[in-house]
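Accompanying notes for the structure given below.
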Amino acid sequence: MTTMTFAGAIEDALMKAMSEDERIVIFGEDVHSIRMNLFTKFGEMRVRPAPISESAFLGAAVTASMAGLRPIVEIMMIDFIAVAVDALVNHAAKLEAFSGGRWKAPMVVRASCGGGYGDGGQHEQTLWGWLAQVPGMKVVVPSNPADAGGLMLSAIQDEGPVIYMEHKLLADYWIDGLADGGRTNLEYDIPEAGACGEVPKTWEPIPIGEANVLRDGDDLTMVSVGVSVHRCLEAAARLADRGVQAGVIDLRSIAPLDTDAVCHAVERTGRLLVVDEDYKHFSLSGELAALVMEAGIAAKFARVALEDTIPFDRRREAQALPNVARILEAASALTEH
Amino acid sequence: MQPSAELLYRQMYKSRCFEEAVTRLWNDGHISAEMHLNKGEEAIVAGVLDHVTDGDAMALEHRGTAPLVMRGVELGLLIKEFMGLEDGLCRGMGGHMHLFSPEHLAASSGIVGASGPAACGFAFAAQHLRPGKLAVAFFGEGAMNQGMLMESINLASAWSLPVIFVCKDNGMAITTSSPEVTGGNLLTRARGLGAQAVSVDGTDVNEVWRAAHDAFQRAREGRGPTFLHATCVHPDGHLLGDPLLRIVRKPVRELKSRVAPLAKAAATGGSSLSEKAASLGSIVGMLGREWKSQRQGGSDPVERQRQRLPISDAERAELEAEVEAEVQAAVAAALRSQEGRG
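For the protein sequence lines, the chains are A and B, in the order given.
Oh and the first sequence: position 120 is 120 in the numbering used here, straight run, nothing missing.
In short: position in the second sequence from 1, add 1000, done, that's the numbering used here.
Dropping the structure here:
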């Protein structure tokens, strides 16, 4: 095993994939500087800086992929996808259905997401529930370096559109560029195991739609994704001290959802706690409750998620985002008799 | 009609002093995450805003500080907002990229190009509710490639909306050289969409003032939008702590962790040697441009206006002391408010 940072793992997997497959191209704003190493290695034709024209270059990625390329389009922050979402919702996601399965759009949208560094509610959203809602779209959110590399390979190899989100708290270069800017006097609650960790010697794709059971527990099942997975693990350790055994499932993919893994665990515990950095209503957390009910499982349910617009003020932001205290409170309420 | 050189200087100096104080607070960690300054754009903002009167609207981007300072928003409210305090302009909810002042019909957005549609809506409301009033949109040249902004110029032309589209052109879209990702010419583009278009040296407040004067007159008379293109330099880069500027200013410290992976990428596999040389060349070119932008001392708009003030040195010193005292008082009040929060 080798140790890599979250961002380093993605880059390493991309280096390998792009060396092996010349159809893979990257384009987006500032990619010559944000992906300086890839730009140097593969040249401007394969790592192409784009104008601030998201609707044009995201739309172009759809047909570039239809015509034989494997584009990775960079949308700097997932919040910015809103100006270009037509290309995904009405085109990339519809193609396979509209063509009767005869044509697909093998493209990856790579974007940073998430909060915890005080950048305000227009630059810290996750929006994965919103994007995952449209049939034909896959959405993956790795929580550690090993998954980050493996899921990137799967996203590239997938025959349809995949949105790949990297949480800014896990990717050191985003914290450096957007949060610190060279300062050393600010602190962030960065989960160590997510920002840096062991990766396999050679990259293998991690199947999209396969959750990872990180911890077993008979009393309660916590289901989460991204940075919140680490908050759950911390809460589970504290609950264990109190004699409550909580399991933790890292979904890794929002669409498709690993319904089996969730139902299997909840069947045993009878208690489901979803911890989601996305909005609470009309959401991933609501979807998981519905899936469990549809499976005929009687379970108590609670969720810790984003209730409102993320406050700019870091103090109120920390309260708004899922945190260990809120998880413990919800878990206690669920496990009280 | 002539502007008051003294008044324009006071506005520009106030904005500069204020942003220098903001920079210190940011350096000390009192302000989180990104901070985009108007430093270098003061002449553009002052020259345009001198024509704005109550009832006119402002659609701002992620650099909304100077327009609000110059419109007279209380400085303390702005600083407290940047610090995320409950008694800030927007109760600490928005931060510097999302500043709103209903009294001034001023709304900001951190989404590039969003000030275009916003100005059109303000102008449309003016046509109905406030005849003779108008809307100003501020944005950078990078935003000119954003669909919604180009659509907005067309919409404003088609509906004869009273909009002044102010394009502050520093030639760089974050780290991307704008000419390299822009087809054609921005003035021609705006004219093609039906707007009146004019270009000025945005470091000369008189030039900006005169161009804005004509544009405002046209808009108020119902003769449609103007695209006002003004060049400028951002001495602090795209944002405070700009990664490229950090490399330019402290190359050894900043490049230490970057050189090894870069050398590895250049040495092994991938594209041909000539393509790699071209890639490295464009990275060096990017840093070179950034370095050069740091040395354009003569283009400081505040200094330029200072040189031609028609008042005595003593009068100027008095004006500057007044402005500095106002800024210092606002900072002190903000720090007290933060302390009181516990």
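Even for Gly, the Cβ is constructed at its ideal location relative to N, Cα and C.
Owing to the predicted nature of the structure, the values given are computational and were not obtained by experimental measurement.
Residue-chain proximity (residue i, chain B), Cβ-Cβ < 7 Å
{"i": "A/Leu170", "result": "no"}
{"i": "A/Pro51", "result": "yes"}
{"i": "A/Tyr279", "result": "no"}
{"i": "A/Gln319", "result": "no"}
{"i": "A/Gln125", "result": "no"}
{"i": "A/Phe57", "result": "no"}
{"i": "A/Asp21", "result": "no"}
{"i": "A/Phe6", "result": "no"}
{"i": "A/Asp241", "result": "no"}
{"i": "A/Thr40", "result": "yes"}
{"i": "A/Asp30", "result": "yes"}
Proximity test, Cβ basis, 7 Å: residue i and chain A
{"i": "B/Asn1145", "result": "yes"}
{"i": "B/Ile957", "result": "Chain B is shown only over 1001 to 1342; residue 957 of chain B falls outside these bounds and no answer can be derived."}
{"i": "B/Arg1246", "result": "yes"}
{"i": "B/Ala1118", "result": "no"}
{"i": "B/Ala1265", "result": "yes"}
{"i": "B/His1229", "result": "no"}
{"i": "B/Gly1340", "result": "no"}
{"i": "B/Ser1271", "result": "yes"}
{"i": "B/Met1150", "result": "no"}
{"i": "B/Leu1240", "result": "yes"}
{"i": "B/Gly1181", "result": "Sequence inspection shows Val at residue 1181 of chain B; the Gly mentioned does not correspond to that position. Yes, contact with chain A."}
{"i": "B/Pro1251", "result": "no"}
{"i": "B/Gly1237", "result": "no"}
{"i": "B/Gly1084", "result": "yes"}
{"i": "B/Leu1262", "result": "yes"}
{"i": "B/Leu1193", "result": "no"}
{"i": "B/Glu1141", "result": "no"}
Element boundaries [beta strand (DSSP E), containing residue i]
{"i": "A/Leu306", "result": "Lys300 to Leu306"}
{"i": "A/His167", "result": "Val162 to His167"}
{"i": "A/Ala111", "result": "Val108 to Cys113"}
{"i": "A/Asp276", "result": "Arg271 to Tyr279"}
{"i": "A/Glu5", "result": "The amino acid occupying residue 5 of chain A in the given sequence is Thr; Glu does not appear at that position. Per DSSP, A/Thr5 belongs to the beta strand (DSSP E) from Thr2 to Thr5."}
{"i": "A/Glu198", "result": "Cys196 to Val199"}
{"i": "A/Lys138", "result": "Lys138 to Val140"}
Bridge partners - residue i, DSSP secondary structure assignment
{"i": "A/Ile249", "result": "A/Val213 and A/Val223"}
{"i": "B/His1229", "result": "B/Cys1167 and B/Ser1199"}
{"i": "A/Phe80", "result": "Note: A/Phe80 sits in no beta bridge, so no partner."}
{"i": "B/Ala1106", "result": "B/Met1058 and B/Ser1101"}
{"i": "A/Pro49", "result": "A/Gly28"}
{"i": "B/Phe1139", "result": "B/Cys1167"}
{"i": "A/Glu74", "result": "A/Gly28 and A/Arg110"}
{"i": "B/Ser1177", "result": "B/Met1172"}
{"i": "A/Ala255", "result": "A/Val139"}
Chain-order list of residues whose beta-carbon lies under 7 Å from that of residue i (same chain, five-residue window excluded)
{"i": "A/Leu233", "result": "Leu214, Arg215 and Val248"}
{"i": "A/Ala171", "result": "Phe6, Ala7 and Ser112"}
{"i": "A/Trp128", "result": "Val139, Val141, Met165, Ile254, Asp278 and Leu284"}
{"i": "A/Lys300", "result": "Gly270, Arg271 and Leu334"}
Continuous alpha helix (DSSP H) stretch holding residue i: start and end
{"i": "A/Lys104", "result": "Unbroken run through A/Lys104: none, as it is neither H nor E."}
{"i": "B/Cys1090", "result": "Careful: B/Cys1090 lies outside any alpha helix (DSSP H) and carries neither H nor E."}
{"i": "A/Val134", "result": "Here A/Val134 belongs to no alpha helix (DSSP H), and DSSP marks it neither H nor E."}
{"i": "A/Ala148", "result": "Pro145 to Gln157"}
{"i": "B/Lys1264", "result": "Pro1251 to Ala1267"}
{"i": "B/Val1284", "result": "Leu1273 to Ser1293"}
{"i": "B/Val1048", "result": "Glu1042 to Leu1049"}
{"i": "B/Tyr1009", "result": "Ala1005 to Asn1027"}
{"i": "B/Phe1122", "result": "Ser1115 to Leu1129"}
{"i": "A/Gly182", "result": "Unbroken run through A/Gly182: none, as it is neither H nor E."}
{"i": "A/Ala330", "result": "Val324 to Thr335"}
{"i": "B/Ile1153", "result": "Gly1147 to Ala1158"}
{"i": "B/Val1302", "result": "Pro1301 to Gln1307"}
{"i": "B/Val1209", "result": "Checking the sequence, you will find Trp at residue 1209 of chain B rather than Val. Note, B/Trp1209: alpha helix (DSSP H), Val1205 to Arg1220."}
{"i": "A/Gly44", "result": "The residue you asked about is not Gly; residue 44 of chain A is Glu in the sequence shown. Element bounds for A/Glu44: n/a, residue is neither H nor E."}
Cutoff 8 Å; reference residue i; Cβ partners in own chain excluding five residues on either side
{"i": "B/Ile1174", "result": "Gly1142 and His1238"}
{"i": "B/Glu1326", "result": "Lys1014 and Leu1075"}
Spatial neighbours of residue i in its chain, beta-carbon cut-off 6 Å, leaving aside the 5 residues before and after
{"i": "A/Val225", "result": "Val141 and Leu251"}
{"i": "B/Asp1056", "result": "Lys1133 and Leu1134"}
{"i": "A/Tyr117", "result": "Ala179 and Tyr188"}
With 9 Å as the limit, tell me which residues of the segment 1015 to 1034 of chain B have their beta carbon closer than that to any beta carbon of chain A; keep them in chain order.
Considering only beta carbons, the part of the segment 1015 to 1034 of chain B lying closer than 9 Å to chain A consists of Trp1026, Asn1027, Asp1028, Gly1029, Ile1031, Ser1032, Ala1033 and Glu1034, in chain order.
Compile a chain-ordered list of the residues in the segment 301 to 314 of chain A whose CB is closer than 8 Å to at least one CB of chain B.
Thr309, Pro311, Phe312, Asp313 and Arg314
Just by C-beta distance, which residues in the segment 178 to 203 of chain A are closer than 8 Å to chain B?
Leu178, Ala179, Asp180, Gly181, Gly182, Arg183, Asn185 and Leu186
The segment 117 to 145 of chain A: positions lying closer than 8 Å to chain B by Cβ
Tyr117, Gly118, Asp119, Gly120, Gly121, Gln122 and His123
Along the segment 1090 to 1102 of chain B, where does the CB come closer than 7 Å to a CB of chain A? Name the residues.
Gly1092, Met1093, Gly1094, Gly1095, Met1097 and His1098
Residues of the segment 79 to 105 of chain A in Cβ contact with chain B at a cutoff of 7 Å, in chain order, please.
Listed by position, the residues of the segment 79 to 105 of chain A near chain B (Cβ gap below 7 Å) are Phe80 and Val83.
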